[in-house]
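Novice: Just so we're aligned, residue 6 is where the sequence shown starts under my numbering, counting upward by one.
Cβ coordinates follow ideal geometry from the N, Cα and C atoms, glycine included.
After the structure tokens below, expect a handful of questions from me.
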Amino acid sequence: MLDTLLQAWEQNPATANHVVACLDRMGPTARPAMPQLRSELLHARRRGRYDSIDNDEELQAISRTLIKRLTGY
């Protein structure tokens, strides 16, 4: 399932918000997605749905929270 989610995100960046929300629900099993989560935060603008500031900020917040949870910080 994780591979499918990450492929969907890679092939269609508009799915980012949905994929990150799924990763958040997956808990520790989402650890292999850490490189993609970190990579997404390096973009000047995230590539999430509808290309809006609100969705960009939501994606950043969820990604940062998930990274902290998965790394134990």
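According to the Cβ coordinates, are M39 and T76 closer than 9 Å?
Specialist: Their beta carbons are under 9 Å apart, which means M39 touches T76 by this criterion.
Novice: From the DSSP output, in three-state form, read off H23 for me.
Specialist: Here H23 sits in helix by DSSP.
Novice: Going along the chain, which residues of its own chain have a beta-carbon closer than 8 Å to the beta-carbon of A13, five neighbours each way excluded?
Specialist: Once the five neighbours on either side are set aside, the close Cβ partners of A13 are T20, V24.
Novice: Please report how far the alpha carbon of E45 lies from the alpha carbon of L10, in whole angstroms.
Specialist: For E45 and L10, the distance between alpha carbons rounds to 14 Å.
Novice: Looking at L42: is its Cβ nearer than 9 Å to the Cβ of L28?
Specialist: A contact, by the Cβ cut-off of 9 Å.
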